[in-house]
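Asks: When we follow our numbering, the leftmost residue of the sequence shown carries the number 70, and every step to the right adds one. Backbone N, C-alpha and C fix where the C-beta goes; we use that ideal spot for every residue, glycine too.
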Amino acid sequence: MPQNSTAKGDESVISKPVCHVVLYEPEIPPNTGNIIRLCANTGARLHLIEPLGFELDDKRMRRAGLDYREFTEVSVYGSLQSFLDQNPGANLYPCTTKGNGDYSKVAFEKGSCLLFGPESRGLPEIVLNRFPRERWLRIPMLPYNRSLNLSNAVAVILYEAWRQQGFAGAY
70 MPQNSTAKGD ESVISKPVCH VVLYEPEIPP NTGNIIRLCA NTGARLHLIE PLGFELDDKR
130 MRRAGLDYRE FTEVSVYGSL QSFLDQNPGA NLYPCTTKGN GDYSKVAFEK GSCLLFGPES
190 RGLPEIVLNR FPRERWLRIP MLPYNRSLNL SNAVAVILYE AWRQQGFAGA Y
């Protein structure tokens with residue numbers, strides 16, 4: 070399994086990541102590649118829930134991730150239930166346009182899990198309803214817009230969580 074990259078050898082970033090990014094059934098290789106690079110640059114870990122809309126060795130994903138996969142942990146699970154079973158007690162926040170929670174008002178703890186849905190449809194109700202509604206986070210945007218690009222949405226919330234933690238491990 071790949072190891073995390075850390076600035077100046079800060080071992081705490083490896084053992085306890087700033088956050089876990091969980092992508093439920095991602096569809097577009099360049100988005101996942103961008104998120105791999107984002108995770109490598111923030112010390113986050115990436116978890117992918119199958120089915121994936123691409124192969125992990127997809128050329129477009131590799132190009133977007135610029136081979137950053139070697140600098141971050143990427144785990145793949147057969148289902149959301151498998152992820153939950155292997156990560157009991159995960160401090161999970163579903164990120165959705167259906168949410169009412171303001172991501173900037175959440176006090177993110179080290180190791181919080183940010184759950185994002187597929188690009189074409191977001192998290193389905195059956196997944197959202199597994200979690201308390203007050204944990205559903207959204208990113209404010211102007212009316213009449215559907216959503217942000219997945220990799221942009223992950224970046225917005227992940228950087229807020231990292232900011233709250235003093236940009237641990239950054240130089």
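Quick check: the region 213-225 against the region 151-163, are at least 3 beta-carbon pairs closer than 8 angstroms?
Replies: no
Asks: Leaving out five residues on either side along the sequence, give the residues of the same chain with a beta carbon under 7 angstroms from the beta carbon of Cys108.
Replies: Same-chain partners within the cutoff: Val90, Arg114, Leu115, Thr141.
Asks: Report yes if the C-beta of Val175 is less than 7 angstroms from at least one heavy atom of the ligand MG; otherwise report no.
Replies: Although the ligand MG was asked about, the structure shown includes no ligands whatsoever.
Asks: Is Tyr162 helix, strand or coil by DSSP?
Replies: Tyr162: strand per DSSP, three-state reduction.
Asks: Note down the Cα distance separating Gly186 from Phe236, rounded to an integer number of angstroms.
Replies: Computed Cα separation, rounded: 26 angstroms.
Asks: Could you give the uninterrupted runs of the alpha helix (DSSP H) lying entirely in the region 140-212, keeping only those of 4 residues or more?
Replies: Whole alpha helix (DSSP H) segments, 4+ residues: 149-155, 194-197.
Asks: Beta carbon of Arg199, beta carbon of Gly170: below 8 angstroms?
Replies: Contact flag unset, no.
Asks: If you draw a straight line from the alpha carbon of Asp126 to that of Pro120, how long is it in whole angstroms?
Replies: 15 angstroms
Asks: According to DSSP, simplified to helix, strand and coil, what is Ile226?
Replies: The answer is helix: DSSP assigns Ile226 an H, G or I state.
Asks: What are the complete beta strand (DSSP E) segments, minimum 3 residues, inside the region 91-136?
Replies: 114-118
Asks: How many angstroms separate the CA atom of Trp205 from the CA atom of Pro163?
Replies: 5 angstroms
Asks: Give me the residue from Gly168, Tyr172, Ala222 with the minimum Cα distance to Leu197.
Replies: Among Gly168, Tyr172, Ala222, the Cα nearest to that of Leu197 belongs to Gly168.
Asks: Relative to the alpha-carbon of Tyr146, which residue among Glu124, Asn100, Cys182, Tyr93 has its alpha-carbon at the smallest distance?
Replies: When each option's Cα is compared against that of Tyr146, the closest is Tyr93.
Asks: Please identify the residue among Leu184, Ser151, Lys179 whose C-alpha is closest to the C-alpha of Pro95.
Replies: Of the candidates Leu184, Ser151, Lys179, the one whose C-alpha sits nearest the C-alpha of Pro95 is Leu184.
Asks: Sorted by chain position, which residues of the same chain lie with C-beta nearer than 7 angstroms to Glu178's C-beta, five sequence neighbours on each side aside?
Replies: Asn160
Asks: Would you call Glu124 buried or exposed, if buried means 16 or more other Cβ atoms sit within 10 Å of its Cβ?
Replies: exposed
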